[in-house]
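A.B. asks:
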Amino acid sequence: MNQTQLRNLPSVDALLQMHTVRDLDQRFGHTLVVEACRDALDAARGAILAGGDAPMPALLIDEIYTRVERAARPSLTPVINATGVIIHTNLGRAPLSDDAIAAMKLAAQGYTNLEYDLDAGERGSRYAHAESLITRLIGAEAALVVNNNAAAVTLILATFARGKQVIISRGQLVEIGGGFRVPEVMAQSGAQLVEIGTTNRTYLADYARALNEQTALVMRVHSSNFRVIGFTHEATLEELATLARENKILCVDDLGSGALLDTRAYNLAHEPMPQESLAAGADLVSFSGDKLLGGPQAGIIVGKKDFVDALKKHPLTRALRVDKVTLAGLQATLLHYLKGEAPKKIPIWMMLSATRDELDARAQKWAERLRAKNFDATVIDAESTIGGGSLPGETLPTRALVLAVASPDPFAQRLRAITPPIIARIEANRVVFDPRTVLASETDALVEGIERVASQGAH
Ligand SMILES: *Cc1c(COP(=O)(O)O)cnc(C)c1O
3 MNQTQLRNLP SVDALLQMHT VRDLDQRFGH TLVVEACRDA LDAARGAILA GGDAPMPALL
63 IDEIYTRVER AARPSLTPVI NATGVIIHTN LGRAPLSDDA IAAMKLAAQG YTNLEYDLDA
123 GERGSRYAHA ESLITRLIGA EAALVVNNNA AAVTLILATF ARGKQVIISR GQLVEIGGGF
183 RVPEVMAQSG AQLVEIGTTN RTYLADYARA LNEQTALVMR VHSSNFRVIG FTHEATLEEL
243 ATLARENKIL CVDDLGSGAL LDTRAYNLAH EPMPQESLAA GADLVSFSGD KLLGGPQAGI
303 IVGKKDFVDA LKKHPLTRAL RVDKVTLAGL QATLLHYLKG EAPKKIPIWM MLSATRDELD
363 ARAQKWAERL RAKNFDATVI DAESTIGGGS LPGETLPTRA LVLAVASPDP FAQRLRAITP
423 PIIARIEANR VVFDPRTVLA SETDALVEGI ERVASQGAH
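To convert a position in the sequence shown, counted from 1, into the working numbering, add 2.
1) Tell me the DSSP secondary structure of ASN202 in three-state form.
2) Tell me the residue span of the alpha helix (DSSP H) that contains GLN167.
3) My guess is that ALA2 and ILE350 are in contact by the Cβ rule of under 8 Å, so how many angstroms apart are they, rounded?
4) For THR319 and PRO422, what's the separation of their Cα atoms in angstroms?
5) Can you give me the Cβ contacts of ALA312 inside the same chain, cut-off strictly under 8 Å, excluding the 5 residues immediately before and after it?
6) Secondary structure at ARG323, three-state DSSP: helix, strand or coil?
7) For a test of your reading of the model: does the CB of PHE377 fall under 7 Å from any non-hydrogen atom of ligand 1? Yes or no.
8) Give me the Cα-Cα distance between ILE82 and GLU444, rounded to the nearest whole angstrom.
9) In three-state terms, what does DSSP make of PRO399?
10) Would you say ALA207 and ALA243 are within 8 Å of each other, going by their C-beta atoms?
11) Are the segment 285 to 293 and the segment 251 to 261 touching by the rule of at least three beta carbon pairs closer than 8 Å?
12) Out of curiosity, what's the CA-to-CA distance linking ALA460 and ILE425?
13) At a threshold of 7 Å, does VAL304 count as lining ligand 1 (C-beta to nearest heavy atom)?
14) Going straight from the alpha carbon of ARG172 to that of TYR339, what length do you get?
15) Determine the contact status of THR204 and HIS235, defining contact as a CB-CB distance below 8 Å.
16) Taking ASP436 as part of the alpha helix (DSSP H), name the residues at either end of that continuous run.
17) Kindly indicate the opening and closing residues of the beta strand (DSSP E) around THR387.
18) Taking ALA544 as part of the beta strand (DSSP E), name the residues at either end of that continuous run.
19) Can you find the residues in the same chain that come closer than 8 Å, C-beta to C-beta, to ILE420, ignoring five residues on each side of it along the sequence?
20) Take the Cβ of ILE428 as the centre, count every other Cβ of all protein chains shown within 10 Å, and call the residue buried at 16 or more, exposed below.
21) Could you tell me which residues DSSP puts in a beta bridge with ASP119?
22) What is the DSSP secondary structure of PHE289, reduced to helix, strand or coil?
23) Taking buried to mean at least 16 other C-beta atoms within 10 Å of its own C-beta, is ASN150 buried or exposed?
24) Determine whether the beta carbon atoms of LEU337 and LEU295 lie at a separation below 8 Å.
25) Within 10 Å of its beta-carbon, does HIS272 have 16 or more other beta-carbons around it, so buried, or fewer, so exposed?
26) Mind checking whether the beta-carbon of GLY391 lies closer than 7 Å to any heavy atom of ligand 1?
27) Mapping DSSP to helix, strand and coil, what is HIS461?
28) Using CA coordinates, which residue listed in ALA281, ALA152, SER259 and VAL327 is at the minimum distance from LEU108?
29) So within the segment 225 to 299, which uninterrupted beta strand (DSSP E) runs reach at least 3 residues, ignoring any that extend past its ends?
30) In angstroms with no decimal places, state the Cα-to-Cα distance between LEU11 and SER409.
31) Does at least one heavy atom of ligand 1 sit under 7 Å from the Cβ of SER226?
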């Protein structure tokens, strides 16, 4: 009986001759449709061999439709971040300001003066665009923008420490996430790592003892995603900069996030600022474009002009360069800071500064809408976090929507399967939605998405 059912399945060619499938072919192209026919037939065969029945022809066609439509959708897609983690690296870090988005669209759409000097009518520098904005904002002599901060650190070490030694405290040999480990990146650049001190205590004297004629630089890496508490000590950046100057080597500070606004004004601990590192005497400072800066992915290096010039000339710089779209978004983001409007225009600062009352009002509105449809929705006190290797352990009080469901994990999984996917948090066996990281424009999609999943029954 199985054999008959298997034999009765249509061939791929027969499917392709059907007018409904030919229709699909017109819309989505031959490659995707053939693949969907094969996969749908494979699935049908599998079902029959497992003892099931052959699908009715209409069901088979439905299956082909579903598969083609899924395959024709880009896999990178917007999601709603209801986790309350503001700089969520897995969810693409900082959402951008309207001005940054507009600038990126314009740059993408046509030609730009990316490497063209409009005054002289000849070749210009791609690096000129963001550099003057950054130097003015931070008070640095010079600046360079590369692909990301990991690239910035690699470039600095490859330029100044290849085949030489870099002194770093054991307390700072960290893994940042996604397998980015400071010692491994340093090794890639051809620099030899000299680890000093201990996990919890490293003194200036440890650095001084490790110095020799092979030493190219002393490096500080900000412990951006963890905190050591208790019996601890690290040398200050001032001490390292002085030591470096006296010994004619470089002092480099990898800040990670690098805030351009003082986070203390937002009831948070102080996140180090690049201007402070320069004032402390660091020769070069690096930080990300898409962490607390709130811009597109980029790595920003600021510091002394001679050193930045040497970086610009290194062949790796060509391999790590940023594109016109990134530069356009970064410029627009930096302009917000220069115009003093960053807290009002840059999404991550708006999220950081949202008050408990504002968040409560939003969560209550969501809950009301859901209760109107007879779902068990309440609003509770919760905590948002910063994420993205910034301000570890710091939280912001928030008000979050809670939905009572029997099994939170499958529920959260179904929320991720709809369009747009909703990423929620599970806390104490409840599904929690934090309004802090949900954009105002996403409100309806969020509430309707929750309704849809909650009414799928059995939860
Ligand atoms: C995040 C981080 C990096 C890597 O920055 P990317 O922009 O993600 O490449 C490097 N160092 C520190 C200290 C960081 O926090």
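Cβ coordinates follow ideal geometry from the N, Cα and C atoms, glycine included. Values in this document were obtained by computation on a predicted structure and should not be read as measured data.
C.D. replies: Short version:
1) coil
2) GLN167 -> not in any alpha helix (DSSP H); beta strand (DSSP E) instead, spanning 167 to 171.
3) A query on residue 2 cannot be resolved here, the shown segment of the chain reaching from 3 to 461 and no further.
4) 37 Å
5) THR161 and PHE162
6) coil
7) no
8) 7 Å
9) strand
10) no
11) yes
12) Its pLDDT being 49, under 50, ALA460 is placed unreliably by the model, and the measurement read from it follows with that caveat. Cα-Cα distance, rounded: 20 Å.
13) no
14) 35 Å
15) yes
16) Counting along the chain, ASP436 falls outside any alpha helix (DSSP H), and DSSP gives it neither H nor E.
17) 379 to 387
18) Because the chain is modelled from 3 through 461, residue 544 falls outside the range shown and cannot be assessed.
19) GLY451, ARG454 and VAL455
20) exposed
21) GLU124
22) strand
23) buried
24) no
25) exposed
26) yes
27) Confidence at HIS461 is low in this model, with a pLDDT of 44, below 50, so the placement of that residue should be treated as unreliable; the coordinate-derived value is given next. Residue state, collapsed to three classes: coil.
28) VAL327
29) 252 to 258 and 286 to 290
30) 39 Å
31) yes
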